[in-house]
Amino acid sequence: MDGSTATVLGTFIGALGGLSGGWLTVLGQGRQQRAEHARWRDEVRRDAYSTCLSASKQLSAAWWKMSDLLGDDTSTPEQQQDGFIRAHDAWTEFSSAVAAVAVVGPRSVADAADTLRQAMYEMDMIGLSWYEAARTSGHGSLEEFNARFASAARAKRQPDKNFQIAARAALNTET
Numbered sequence: 797m798d799g800s801t802a803t804v805l806g807t808f809i810g811a812l813g814g815l816s817g818g819w820l821t822v823l824g825q826g827r828q829q830r831a832e833h834a835r836w837r838d839e840v841r842r843d844a845y846s847t848c849l850s851a852s853k854q855l856s857a858a859w860w861k862m863s864d865l866l867g868d869d870t871s872t873p874e875q876q877q878d879g880f881i882r883a884h885d886a887w888t889e890f891s892s893a894v895a896a897v898a899v900v901g902p903r904s905v906a907d908a909a910d911t912l913r914q915a916m917y918e919m920d921m922i923g924l925s926w927y928e929a930a931r932t933s934g935h936g937s938l939e940e941f942n943a944r945f946a947s948a949a950r951a952k953r954q955p956d957k958n959f960q961i962a963a964r965a966a967l968n969t970e971t
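Positions in the sequence shown are counted from 1; adding 796 to them yields this note's numbering.
Next comes the structure, spelled out in structure tokens:
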């Protein structure tokens with residue numbers, strides 16, 4: 797092998813080594829970027845799921861407090877109005893949290909959140925009807941609403957549990 801052939805061969809081997817090294821670097825960076833994106837996505841999802849769970853608990857608590865006010869013959873219309881406003885504000889927070897879950901996904905968790913939203917909506921609508929009936933009748937001791945409200949509160953338990961199960965599956969925290 798003469799010097800020029802060795803030079804060409806050396807250049808070719810060097811170029812091949814450089815291309816291989818560059819390719820490995822790009823491949824490694826792609827993997828790292830995908831891993832960073834997955835961590836970011838999981839963090840965004842974790843925050844959205846946590847916010848949704850917290851908001852659902854706050855909404856439920858607001859309506860339970862409201863049901864206590866409605867069942868208390870000594871509560872005033874002003875106290876009931878304040879309780880209704882708190883429940884309405886809690887609904888707004890919960891509804892926004894469900895929308896955030898729908899955006900960050902995945903579809904299975906978004907669907908579970910929507911089912912929970914529907915169950916919470918039923919409880920919210922019964923509470924609203926109870927509040928309106930109390931305003932009309934001048935008292936909230938209306939057993940039919942108390943029973944319907946308690947039933948709706950029980951009915952939301954499974955959708956709440958299903959949302960948590962779907963969230964754990966999406967975050968791969970079932971170990």
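We put the CB at the ideal spot given by N, CA and C, even for glycine.
Less than 8 Å separating the beta-carbons of residue i and residue j?
{"i": "Met-919", "j": "Ala-962", "result": "no"}
{"i": "Gln-877", "j": "Leu-866", "result": "no"}
{"i": "Ser-852", "j": "Leu-912", "result": "yes"}
{"i": "Cys-896", "j": "Thr-847", "result": "With the sequence shown as reference, residue 896 is identified as Ala, and Cys is not the correct amino acid for it. For Ala-896 and Thr-847, yes; Cβs fall inside 8 Å."}
{"i": "Arg-944", "j": "Ile-922", "result": "yes"}
{"i": "Ala-844", "j": "Val-900", "result": "yes"}
{"i": "Arg-841", "j": "Ala-966", "result": "yes"}
{"i": "Pro-873", "j": "Arg-964", "result": "no"}
{"i": "Pro-955", "j": "Ala-915", "result": "yes"}
Could you give the C-beta distance for residue i and residue j, rounded to a whole number, given that I count them as a contact under 8 Å?
{"i": "Gly-936", "j": "Trp-926", "result": "7 Å"}
{"i": "Ala-929", "j": "Leu-938", "result": "6 Å"}
{"i": "Asn-942", "j": "Ser-863", "result": "7 Å"}
What residue from the options has the CA that sits closest to residue i's CA?
{"i": "Ser-891", "options": "Gln-854, Asp-864, Met-862 and Phe-880", "result": "Gln-854"}
{"i": "Ala-898", "options": "Glu-874, Phe-959, Arg-827 and Trp-836", "result": "Phe-959"}
{"i": "Asn-968", "options": "Ala-834, Arg-827 and Asp-798", "result": "Ala-834"}
{"i": "Pro-902", "options": "Gly-879, Phe-880, Arg-837 and Lys-957", "result": "Arg-837"}
{"i": "Leu-849", "options": "Thr-801, Lys-957 and Thr-803", "result": "Lys-957"}
State whether the stretch 846-865 contacts the stretch 874-888, with contact taken as three or more CB pairs (one from each stretch) at a distance under 8 Å.
yes
Inspect the CB distances between the stretch 877-884 and the stretch 905-915 and report whether three or more fall short of 8 Å.
no
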